[in-house]
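Structure record follows, encoded as structure tokens.
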Amino acid sequence: MHADRLAGVGVSPGAGYGPAHRLVRDIPEPPRAARHGGDARAELRRAEQALERVAADLAARGDRAGGEARDVLAAQAMMARDPDLAARVAELIEQGVAASRAVFDAFTGYRELLAAAGGYLAARVADVDDIRDRAVAALEGLALPGLPADPAEPYVLVARDLAPADTVLLDPATVVAFVTEEGGPTSHTAILARALGVPAVVGCAGASAIPPGTPLLVDGSSGVVRLSPHEDEVARAVRGAEQNTALLAAVSGAGATADGHVVPLLANVGGPADIAPALAAGAEGVGLFRTEFLFLDRVDPPTWREQQDAYREVFEAFSGSRVIVRVLDAGADKPLDFLPPPAPEPNPALGERGVRMFRHFPEVLAAQLEALARAAKGTSARVQVMAPMVATAEEAAWFGEACRAAGLPSVGVMIEIPAAALRAADIAAVTDFFSIGTNDLTQYTLAADREAGALAGLQDPWHPAVLDLVALTAAAAMGSGRDCGVCGEAAADPALACVFVGLGVTSLSMAAAALPRVRAALARHTVDDCRRAAAAARAAGTASAARTAARAELPALADLSL
-3 MHADRLAGVG
7 VSPGAGYGPA
17 HRLVRDIPEP
27 PRAARHGGDA
37 RAELRRAEQA
47 LERVAADLAA
57 RGDRAGGEAR
67 DVLAAQAMMA
77 RDPDLAARVA
87 ELIEQGVAAS
97 RAVFDAFTGY
107 RELLAAAGGY
117 LAARVADVDD
127 IRDRAVAALE
137 GLALPGLPAD
147 PAEPYVLVAR
157 DLAPADTVLL
167 DPATVVAFVT
177 EEGGPTSHTA
187 ILARALGVPA
197 VVGCAGASAI
207 PPGTPLLVDG
217 SSGVVRLSPH
227 EDEVARAVRG
237 AEQNTALLAA
247 VSGAGATADG
257 HVVPLLANVG
267 GPADIAPALA
277 AGAEGVGLFR
287 TEFLFLDRVD
297 PPTWREQQDA
307 YREVFEAFSG
317 SRVIVRVLDA
327 GADKPLDFLP
337 PPAPEPNPAL
347 GERGVRMFRH
357 FPEVLAAQLE
367 ALARAAKGTS
377 ARVQVMAPMV
387 ATAEEAAWFG
397 EACRAAGLPS
407 VGVMIEIPAA
417 ALRAADIAAV
427 TDFFSIGTND
437 LTQYTLAADR
447 EAGALAGLQD
457 PWHPAVLDLV
467 ALTAAAAMGS
477 GRDCGVCGEA
487 AADPALACVF
497 VGLGVTSLSM
507 AAAALPRVRA
517 ALARHTVDDC
527 RRAAAAARAA
537 GTASAARTAA
547 RAELPALADL
557 SL
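The sequence shown begins at -3 in our numbering and counts up by one.
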């Protein structure tokens, strides 16, 4: 480590140069002795209105952003409306505590419970802090925490961490890159950065100490952050970015390797708002249609007609193309207000979510499948349906029976759990295709929560153990004549996309912004190059060594600055 250089994890490729601006997040703690004037009912109304404004703002930001951001912020909005937290706020106000202090204490108490639980729940601490600070700011008449206001020039955003609510507001024309001290490559912040196409480095030790105004050159591929770089370094980065843009623009059409091995490149879509960016980027279909946007942040379930209209809009936009729909993936950090609350779970990430939840509420699945079948009729989209969080062949078979009974003949599963990868041949016998979700597969394989910054070194899909599971899954699919795609955000890494092809993956799905880079990377390498890169990566001992070994077999990536 050098005084003029910091290193973290590059999570969104590209280079950005500008002065460092710090994220404004300092909301002062309300005085401990703060009391209200005696009208508890009026004070409670103030608190309720502030929390509802925060919830509505978070949900609105998610709706504007679409995709993954919509799901993440809808879950945060639900937390702001949590009835248990509201009851605690009311209890404190009845005792004479002022609204801002009551909100602060209620959310801080909840925060401490999550932190003490560790693991998956501890990763929600940042979300609780963000909601608490926004509500206190609203009550105290303070500026909301967030991005620098009216910067004089494009800048590099530097923060301890970046809440999803802030990330979705980043304007690539103003924020040329961002650097965070915490976070990992599969965190929500990293995923949203890739979707926006903003170069980003996370898990960068020492970032919080960078003085405001310091010129920074951020390499979102290597993870290197240069402080006060020389002019020639900046000029090389600018020339490289310009050359890279020209090279990417020169590659168009269907995804394929240099020797003609076809690899369909699909888009991850979170709702109708994501259609236009996906089509503009040349997506050949949809590899992951997330349907949570219809279910989260509401007290009544969507009707089948409401669902049908939303699904049909996507199906018609991708007429004649494959559209892979993931049925509702609720549970864990995405509870549903219209269902009975689950029994307390010490680790919701390992609890009743995905297909496990549907076993308890089959009527929710039946309504969604009916809506999908009705929406598919009359369109030429090749609709395929898959279940999340499948662990066993028995679960896969149960889901398949439900889909076929609803008139949906092409049924697949997400491979996100190591057990499913290890027994992929059994699951292939009762399904039509696989889609590997690398985000969850990575965190479950390495027991490292994707939102825990302290574990950023383990939250890496380049780890050979993860690649081994991808290889096992792809081999089982090939042996059964099944397709095997990757729809996790790891597919957005051009080098890793080539490795996946070398492992036998048959399609790749990612945020629309990443499609040109992956298309160009594949077009400049043969399938044998990809296989050599995959073998080199699996032979390595660490994620870092796997990345280095694979890139050595993919020389054209350097020309593309990828």
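Glycine is no exception: its CB is placed at the ideal position from the N, C-alpha and C atoms.
Everything numeric in this text was worked out from a predicted model, so none of it was measured.
Are there three or more Cβ pairs, one per stretch, closer than 8 Å when the stretch 1 to 9 is compared with the stretch 162 to 170?
Touching, no.
Measure the alpha-carbon distance for lysine 373 versus leucine 290 and round it to whole angstroms.
Using only the alpha carbons, I get a separation of about 20 Å.
Alpha carbon to alpha carbon, what distance is there between valine 172 and valine 154?
Taking the straight line joining both Cα atoms gives about 11 Å.
Restricting to runs no shorter than 4 residues, where is the alpha helix (DSSP H) found entirely within the stretch 178 to 256?
DSSP runs (the alpha helix (DSSP H)) wholly in the stretch 178 to 256: 184 to 192 and 227 to 245.
For glutamate 39 and alanine 94, I'd like the C-alpha separation in whole angstroms.
Each residue's alpha carbon lies about 7 Å from the other.
Taking the alpha carbon of arginine 430 as the point to measure from, which residue in Ser376, Ser503, Leu454 and Val462 has its own alpha carbon closest?
Strictly speaking, residue 430 in this sequence is phenylalanine, with arginine absent from that position. Among Ser376, Ser503, Leu454 and Val462, the Cα nearest to that of phenylalanine 430 is on Ser503.
I'd like the span of the alpha helix (DSSP H) that includes phenylalanine 430, first residue to last.
Looking at the DSSP string, phenylalanine 430 is not in any alpha helix (DSSP H); the run it does join, the beta strand (DSSP E), is 429 to 432.
Kindly indicate which three-state DSSP category serine 406 falls into: helix, strand or coil?
Serine 406 falls in the coil class under three-state DSSP.
Smallest Cα separation from valine 523: which of Leu69, Pro457, Phe496 and Glu312?
Comparing Cα positions, the closest option is Phe496.
Between leucine 292 and valine 323, is the Cβ-Cβ spacing less than 8 Å?
No.
Taking DSSP as the reference, what is the three-state secondary structure of tyrosine 116?
With a pLDDT of 49 at tyrosine 116, under the threshold of 50, the predicted position of this residue should be treated as unreliable, and no value is reported.
Ordered along the chain, which non-local residues of its own chain (more than five positions away) have a Cβ less than 8 Å from that of arginine 400?
Here the set comprises Val407.
In chain order, what are the residue ranges of uninterrupted alpha helix (DSSP H) at least 4 long that sit wholly in the stretch 508 to 554?
Within the stretch 508 to 554, the complete alpha helix (DSSP H) runs of at least 4 residues are 511 to 519, 523 to 535 and 539 to 548.
Alpha carbon to alpha carbon, how far is tyrosine 440 from alanine 82?
In a straight line, the C-alpha of tyrosine 440 is about 33 Å away from that of alanine 82.
Leaving out the 5 sequence neighbours to the left and right, which residues in its chain are closer than 7 Å to proline 572 when beta-carbon positions are compared?
Coverage of the chain is limited to positions -3 through 558, which leaves residue 572 absent and any answer about it impossible.
Which residue from Ser505, Ala491, Leu499 and Glu397 puts its Cα closest to that of alanine 545?
The option with the nearest alpha carbon to alanine 545 is Ala491.
Apply the 10 Å Cβ neighbour rule to threonine 538 and answer buried if 16 or more other Cβ atoms are within range, or exposed otherwise.
Exposed: under 16 other Cβ atoms inside 10 Å.
Note down, in chain order, each residue of its chain lying with its Cβ closer than 6 Å to the Cβ of valine 258, except the 5 sequence neighbours on either side.
So the qualifying residues of the chain are Ala252.
Evaluate contact between the stretch 502 to 517 and the stretch 345 to 353, counting only Cβ atoms and requiring at least three cross-stretch pairs below 8 Å.
The stretch 502 to 517 is not in contact with the stretch 345 to 353.
Could you name the residues that DSSP lists as bridge partners for asparagine 561?
With the chain covering -3 to 558 only, the question about residue 561 has no answer from this structure.
Along the chain, where does the beta strand (DSSP E) containing glycine 347 start, and where does it finish?
From DSSP, glycine 347 is part of no beta strand (DSSP E); its letter is neither H nor E.
Taking 7 Å as the limit between beta carbons, can you name the residues of its chain near valine 132, skipping five residues before and five after?
Excluding residues within five positions, the ones whose Cβ falls inside 7 Å are Ile23, Pro26, Ser96, Val99 and Phe100.
Rounded C-beta distance between alanine 470 and glycine 500? I'm assuming under 8 Å.
So it is a contact: roughly 3 Å between Cβ atoms.
Per DSSP, what are the beta-bridge partners of histidine 17 in this structure?
For histidine 17, which the question treats as bridged, DSSP gives the partners Leu153.
For arginine 355, is the beta carbon positioned less than 7 Å from some heavy atom of the ligand NAP?
Summarising the ligand content, the structure contains no ligands, and the ligand NAP is consequently not present.
Rounding to the nearest angstrom, what Cα-Cα distance links alanine 201 and alanine 3 in this structure?
Straight-line Cα distance between these residues: approximately 7 Å.
Report the option in Asp333, Ala529 and Gly34 whose CA atom is closest to the CA atom of glycine 498.
Glycine 498 has its Cα closest to that of Ala529, out of Asp333, Ala529 and Gly34.
At which residues does the alpha helix (DSSP H) containing glycine 475 begin and terminate?
From DSSP, the alpha helix (DSSP H) with glycine 475 extends over 460 to 475.
To the nearest angstrom, how far is it from the Cα of arginine 294 to the Cα of leucine 332?
C-alpha separation (whole angstroms): 8 Å.
Run through the DSSP bridge pairs and tell me what alanine 383 is partnered with.
Alanine 383 pairs with Val409.
Here's a check: name, in chain order, each residue in its chain whose Cβ is nearer than 8 Å to the Cβ of alanine 559, leaving out the five neighbours to either side.
A query on residue 559 cannot be resolved here, the shown segment of the chain reaching from -3 to 558 and no further.
Rounded to whole angstroms, what is the Cα-Cα separation between alanine 274 and aspartate 215?
Going by the C-alpha atoms only, they are around 25 Å apart.
Pull up the CB-CB distance for alanine 231 and glutamine 304, whole angstroms please, since I reckon it's below 8 Å.
With a Cβ gap of about 54 Å, alanine 231 and glutamine 304 do not count as contacting.
If threonine 210 sits next to leucine 192, beta carbons under 8 Å apart, how far is it from one beta carbon to the other, in whole angstroms?
Their Cβ separation, rounded to whole angstroms, is 23 Å, which puts threonine 210 and leucine 192 out of contact at 8 Å.
Evaluate aspartate 564 with the Cβ neighbour count: other Cβ atoms within 10 Å of its Cβ, from every protein chain shown; 16 or more gives buried, anything less gives exposed.
Residue 564 lies beyond the range of the chain shown here (-3 to 558); nothing can be said about it.
Can you tell which of Arg84, Val197 and Phe334 has its C-alpha closest to the C-alpha of methionine 74?
For methionine 74, the nearest C-alpha among the options comes from Phe334.
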